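Student: Residues in the sequence shown are numbered consecutively from 27, following this note's numbering. Idealized CB from N, CA, C, for every residue including glycine. These numbers were taken from a predicted model, which means no experiment stands behind them.
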Amino acid sequence: MKNLILILLVALSSCTVLYRGARYLDADITDHKIFPYTEVNTGDSVYTFAEGNGQIFDTLRVTYQHDTLKTLDEMLAASSTHAFVVIRNDSVLFERYYKGYQREDISTVFSVSKSVTSLLMGIAIDEGYIESEHDPITKYIPELNNGDPMFRKLTLEHLLDMRSGVNYNENSSNPFSHIAGLYYGTNQLAKLKRMKFKHEPGTVHNYQSSSTALLGLAIEKATGKELGQYLEEKVWKPMGMENRATWSVDDKRHRSAKAFCGLNVTAIDLAKIGRLYINKGNWNGQQIVSEEWVNKAAIPKIENEGYRYQWWSLDANAPDKEGNYYFADSISAVNNISEVYQSKYKYFKVWKDHMAPDPSKPWRIVVYTDCYFALGIMKQVVYIDPNKNLIMVRLGATGDKEYFNLMYKLGKSL
Numbered sequence: 027m028k029n030l031i032l033i034l035l036v037a038l039s040s041c042t043v044l045y046r047g048a049r050y051l052d053a054d055i056t057d058h059k060i061f062p063y064t065e066v067n068t069g070d071s072v073y074t075f076a077e078g079n080g081q082i083f084d085t086l087r088v089t090y091q092h093d094t095l096k097t098l099d100e101m102l103a104a105s106s107t108h109a110f111v112v113i114r115n116d117s118v119l120f121e122r123y124y125k126g127y128q129r130e131d132i133s134t135v136f137s138v139s140k141s142v143t144s145l146l147m148g149i150a151i152d153e154g155y156i157e158s159e160h161d162p163i164t165k166y167i168p169e170l171n172n173g174d175p176m177f178r179k180l181t182l183e184h185l186l187d188m189r190s191g192v193n194y195n196e197n198s199s200n201p202f203s204h205i206a207g208l209y210y211g212t213n214q215l216a217k218l219k220r221m222k223f224k225h226e227p228g229t230v231h232n233y234q235s236s237s238t239a240l241l242g243l244a245i246e247k248a249t250g251k252e253l254g255q256y257l258e259e260k261v262w263k264p265m266g267m268e269n270r271a272t273w274s275v276d277d278k279r280h281r282s283a284k285a286f287c288g289l290n291v292t293a294i295d296l297a298k299i300g301r302l303y304i305n306k307g308n309w310n311g312q313q314i315v316s317e318e319w320v321n322k323a324a325i326p327k328i329e330n331e332g333y334r335y336q337w338w339s340l341d342a343n344a345p346d347k348e349g350n351y352y353f354a355d356s357i358s359a360v361n362n363i364s365e366v367y368q369s370k371y372k373y374f375k376v377w378k379d380h381m382a383p384d385p386s387k388p389w390r391i392v393v394y395t396d397c398y399f400a401l402g403i404m405k406q407v408v409y410i411d412p413n414k415n416l417i418m419v420r421l422g423a424t425g426d427k428e429y430f431n432l433m434y435k436l437g438k439s440l
């Protein structure tokens, strides 16, 4: 049946998107095998985390999303997880691999690539290749001047915060969507410069992979290097990464990196990105990226649902003194928020929950913790808790759990 579908599609259309979509069907963590790529090589030295005492995980029982009480290893073994790493104070407390994966096996991490692209943007600004995140995107991709006039108002910061305003369909299940065209298609720039705008840039937050694709192109044009080459030079070699990585590109002719999804890497090396951010951009005395840039990612932007500079802030629900989470109106929600939460959390918002248990009390308070994370579509996660000097990484094949919430729960036990 699959071959028949493929033959029909090829006969009806020469579209590369349809051909690749039919041949490979849904996106998968092994997609690094199907696209051309840039090699990201290691350097002469390797940084190795210390071996810590992880005995707590031998006895700690966890329950999450209808699981019965299990050890973490038991729960992960029964899930779609391929790798799970917990590091605190530069020591590995837990490191397990499943489904035949080993420490050295790379996998596609999808939108975790966005957070790494943000890191490279910060480095490019530090080095002067890019003057400022407040610059218009057309300064670095002049081809966009021939597209929608709104491109001239679109800044790099708008893209970093997913406030581009473009009319873009992020529905990955639709083979005719914009994201399918970017993922399976060739010549990214040709597709991106045809985009039209739905809103004024900067006015509406809407998560769109096209934003990161433009950021990646801007870095490549400003530095004169493929994104993977820049990553190798500025991050992979200086930080002593353990394994070679790759970054998928759109095709062999244009070699434009899929900045929004194409990084292919191991869990242990992703943990080093977490360590870099915990240490405010400093790696063993070398400032890889400015502390100011890291702080911008770590501080939530309330109007973006906590999203800032291609990283997610972890939120939580705040009760009042009696333990109530839902309120009749927004004023009573703010007035009744627990003093404990007011002193503990700097950032919070009032939110109307249309799925509230009692429709007469739909309002609740959302607080943003100091924890933040990179997130891929199949729940690939790089989780950072700066207060506990804690890093967790999860890689896997499907998003069967909200692993960042599980990580938060685990972090409270450590």
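For PHE202, count neighbouring C-beta atoms within 10 Å of its own C-beta (all shown protein chains included) and say buried if the count is 16 or more, exposed if not.
Tutor: The residue is exposed, with fewer than 16 neighbouring Cβ atoms inside 10 Å.
Student: Indicate whether the contact test is met: 3 or more Cβ pairs, each with one atom in the segment 217-224 and one in the segment 170-181, closer than 8 Å.
Tutor: Yes, the segment 217-224 is in contact with the segment 170-181.
Student: Report back the beta-carbon spacing between ALA400 and HIS108 to the nearest angstrom; my notes put them in contact at under 8 Å.
Tutor: Between HIS108 and ALA400 the Cβ distance is about 17 Å, and since that is not below 8 Å, they are no contact.
Student: What number of angstroms, rounded off, separates the C-alpha of SER133 from the C-alpha of LEU416?
Tutor: When rounded, the distance between both Cα atoms is 23 Å.
Student: Mapping the DSSP letters down to three states, classify VAL320 as helix, strand or coil.
Tutor: Looking at VAL320 - three-state DSSP - the assignment turns out to be helix.
Student: Classify ALA150 as helix, strand or coil using the three-state DSSP reduction.
Tutor: Residue state, collapsed to three classes: helix.
Student: In the segment 107-179, which residue ranges form an unbroken beta strand (DSSP E) of at least 3 residues, counting only runs that do not cross its ends?
Tutor: Runs of the beta strand (DSSP E) inside the segment 107-179: 107-114 and 117-123.
Student: Ignore the nearest five residues each way along the sequence and tell me which others in TYR123's own chain have a CB closer than 6 Å to its CB.
Tutor: The answer, listed in chain order, is ALA109.
Student: When DSSP labels each residue in this structure, what does PHE353 get in the three-state scheme?
Tutor: The answer is strand: DSSP assigns PHE353 an E or B state.
Student: Which residue marks the beginning of the beta strand (DSSP E) containing GLY422, and which one marks its end?
Tutor: Note, GLY422: beta strand (DSSP E), 416-422.
Student: Just to confirm, are LYS96 and ILE167 a CB contact at a threshold of 8 Å?
Tutor: Not closer than 8 Å, so no.
Student: What does DSSP give as the partner residues of LEU289 in its beta bridges?
Tutor: Answer is TRP273, bridged to LEU289.
Student: Taking one C-beta from the segment 206-216 and one from the segment 301-308 each time, how about it: are there three or more such pairs within less than 8 Å?
Tutor: The answer is no - the segment 301-308 does not touch the segment 206-216, with fewer than three Cβ pairs under 8 Å.
Student: Have a look at SER117 and LYS298 and give me their C-alpha separation to the nearest angstrom.
Tutor: Rounded to the nearest angstrom, the two C-alpha atoms are 12 Å apart.
Student: Rounding to the nearest angstrom, what Cα-Cα distance links VAL320 and LEU186 in this structure?
Tutor: Their Cα atoms are separated by approximately 13 Å.
Student: Please determine if the segment 82-90 and the segment 283-293 are in contact, where contact requires at least 3 C-beta pairs separated by less than 8 Å.
Tutor: As far as the Cβ criterion goes, the segment 82-90 does not touch the segment 283-293, which means the pair count is below three.
Student: Using a Cβ-Cβ cut-off of 6 Å (strictly less than) and excluding sequence neighbours within five positions of TYR90, which residues of its own chain qualify?
Tutor: These residues qualify, in order along the chain: LEU432.
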